[in-house]
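Residue numbers for the sequence shown follow the numbering used here, so the first one is 3 and each next one is one higher.
Even for Gly, the Cβ is constructed at its ideal location relative to N, Cα and C.
All figures in this text were calculated on a predicted structure; none of them were measured in a lab.
Beneath this line is the structure, given in structure tokens, with notes to follow.
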Amino acid sequence: MNLKERDKKHLWHPLTQHKIHPDALPIVKAEGALLYDDQGKEYIDGIASWYTAVYGHCNPYILEKVSEQMRTLDQIVFAGFTHEPAVKLSEELIKILPDNQEKIFFSDNGSTANEVGIKMALQYHFNKGEKRNTIIAFQDGFHGDTFGAMSASGLSVYNGPFEDFFIDVQRIPTPNKENFDEVVKQLLEIINSYNVAAFIYEPLVQGANAMQMFEAQYLNEILKICVANTVITIADEVMTGFGKTGKNFASEYVETKPDIISMSKALTAGFVPMAVTSCTQNIYEAFLDDSVGKAFFHAHTYSANPIACSVAIAGIELLSSEEIQKNIEVIIESHQDFDLKIRNHSKVKTTRQKGVIYALDLDIEMDRYGKKRYEIFDHFMKNGVCLRPLGKTIYLLPPYVIKKGQLDKIYDTIISVLNSL
Ligand SMILES: *Cc1c(COP(=O)(O)O)cnc(C)c1O
């Protein structure tokens with residue numbers, strides 16, 4: 003049996019309706035910006051494998067560091083023990099995070115990073131003797147698939163069967179020039195009508211919501227209102243973190259800094275899963291007490307796994323290197339040139355860009371999970387380009403090590419898709 007047949011025997015894939023979904027494509031090897039399937043065909047990874055492998059697949063520098071760590075210390079309980087990779091990673095993260103961040107808490111994935119952030123915010127108020135039970139989130143935001151994170155997510159295709167079990171969430175639209183006064187009005191109404199504990203948001207770019215973008219100045223006003231009402235602010239930088247927006251973190255574009263930041267995905271560069279939730283000294287201190295009752299009783303078995311930490315440290319070194327920073331600039335400028343070429347194409351409705359993230363909306367009728375979407379996906383894959391359209395949106399988030407020629411091939415394939423519609 004080949005891989006496809008063996009796969010179907012026992013595997014259940016995420017986000018997949020197995021009754022109608024085409025077979026999963028076996029990938030046997032990856033290197034730099036390239037993926038190779040079991041027939042030897044190569045694909046340019048235009049989305050860095052869900053925004054993770056930003057320094058290129060199987061990056062040799064990370065590989066060297068991780069194999070060294072694997073031979074030294076593989077795993078140790080992080081309750082009551084510590085180790086160099088965790089300490090070093092906390093130091094390196096604090097250097098690049100917004101100035102107000104002081105403490106680093108570990109978990110395993112983007113959803114749990116947000117789960118931790120939400121629980122920290124709820125317990126912060128609890129520890130101060132206040133009962134606050136409501137979270138504010140953006141409509142159509144995405145924060146993950148565990149219960150707290152799922153409750154905060156507004157994209158309901160995923161959430162239908164679970165809605166009766168959600169934590170209390172109130173939603174506001176993302177702000178822009180036109181709706182700003184109305185959003186502020188709604189926000190104040192929610193704050194006055196509910197006991198609001200926290201506001202969770204994806205800063206500037208909503209990944210799962212087809213890379214919708216909004217401006218820092220309006221977000222800043224919303225954060226200022228939260229701060230004035232002791233609503234804990236949680237920036238979900240799981241997608242935007244580690245250079246994607248052209249800065250290390252999207253929160254750097256916003257004057258008011260969040261109390262809590264969640265990160266994952268590019269944190270461990272596609273090698274192993276890990277996540278981090280950082281917070282301010284003020285949040286941390288609300289958990290200090292002579293009794294254990296006020297402590298944060300949340301743990302994952304693999305918290306601060308030394309191997310994962312060593313990957314993250316190597317990743318931050320690469321991110322801060324001149325070479326990667328220069329490549330990020332090249333990608334940003336290439337996207338801008340491409341945009342000028344296609345923004346007036348008759349099949350393009352709108353385009354948007356933040357850093358290396360580029361998205362265009364097609365001016366055609368189609369469903370998010372419809373047949374047309376699969377046809378466009380197939381067109382890309384046949385041409386050796388791995389892009390996964392989100393409904394009408396075609397978006398790019400290439401690894402920072404992508405070569406100019408590879409980028410041009412992606413652009414040309416997008417143009418051929420546009421011309422075929
Ligand atoms: C992917 C993502 C998550 C969830 O992360 P997982 O590792 O898939 O659990 C949460 N928030 C944002 C913004 C994401 O893009």
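Closest by C-alpha distance to residue i, when choosing among the options
i           : options            : result
residue 436 : 224, 96, 347       : No information on residue 436 is available, as it lies outside the stretch 3 to 423 that the chain covers here.
residue 397 : 404, 358, 100      : 358
residue 254 : 276, 14, 101, 193  : 101
residue 204 : 197, 198, 212      : 212
residue 136 : 202, 180, 225, 182 : 202
residue 410 : 225, 339, 349      : 339
residue 284 : 125, 63, 22        : 125
residue 256 : 228, 298, 379, 223 : 223
residue 349 : 382, 363, 267, 199 : 363
residue 47  : 413, 181, 132      : 413
residue 183 : 165, 132, 220, 193 : 220
residue 166 : 149, 180, 75       : 149
residue 302 : 49, 387, 77        : 77
residue 384 : 405, 20, 19, 44    : 44
residue 119 : 161, 199, 271, 132 : 199
residue 192 : 140, 332, 23       : 140
residue 239 : 18, 230, 267, 217  : 267
residue 230 : 194, 386, 218      : 194
residue 300 : 310, 110, 132, 181 : 110
residue 6   : 17, 18, 24         : 24
Residue burial classification, residue i (beta-carbon count within 10 angstroms, cutoff 16)
i           : result
residue 163 : exposed
residue 361 : buried
residue 312 : buried
residue 389 : buried
residue 308 : buried
residue 59  : buried
residue 176 : buried
residue 366 : exposed
residue 282 : buried
residue 209 : buried
residue 197 : exposed
residue 336 : buried
residue 408 : buried
residue 69  : exposed
residue 429 : Since the first and last residues shown for the chain are 3 and 423, residue 429 lies out of range.
residue 265 : buried
residue 122 : buried
residue 400 : buried
residue 89  : exposed
residue 61  : buried
residue 250 : buried
residue 272 : buried
residue 324 : exposed
residue 293 : exposed
residue 306 : buried
residue 107 : buried
residue 67  : buried
residue 127 : buried
residue 326 : buried
residue 4   : exposed
Same chain only: Cβ atoms within 6 Å of residue i, ignoring 5 sequence neighbours per side
i           : result
residue 153 : 168, 169, 171
residue 174 : 185, 188, 189
residue 146 : 112, 113, 116
residue 226 : 258
residue 105 : 281, 286
residue 296 : 129, 289
residue 20  : none
residue 9   : 26
Proximal residues to residue i (C-beta, below 8 Å), its chain only, five neighbours per side dropped
i           : result
residue 368 : 374, 375, 393, 394
residue 130 : 288
residue 207 : 213, 214, 215, 241, 242, 246, 247, 252, 356, 359
residue 269 : 243, 244, 276, 277, 278, 314, 317
residue 144 : 155, 156, 157, 204, 208, 209, 210, 211
residue 381 : 415, 418, 419, 422
residue 353 : 341, 344, 345, 360, 361, 362, 363
residue 406 : 332, 336
Contact set for residue i: own chain, Cβ-Cβ below 7 Å, skip 5 residues either direction
i           : result
residue 34  : 58, 59, 403
residue 15  : 26
residue 391 : 375, 378, 379
residue 85  : 75, 78, 308
residue 99  : 251, 263, 280
Decide if the region 226-236 is in contact with the region 244-264; the criterion is three or more beta carbon pairs, one per stretch, under 8 Å apart. Touching, per the Cβ criterion.
Do the region 318-331 and the region 83-100 meet, that is, are 3 or more Cβ pairs less than 8 Å apart? yes
Count the CB pairs spanning the region 17-30 and the region 38-45 that are closer than 8 Å, and state whether there are at least three. The region 38-45 and the region 17-30 touch, with three or more beta-carbon pairs separated by less than 8 Å.
Cβ contact check for the region 79-90 and the region 53-62: 3 or more pairs under 8 Å: no
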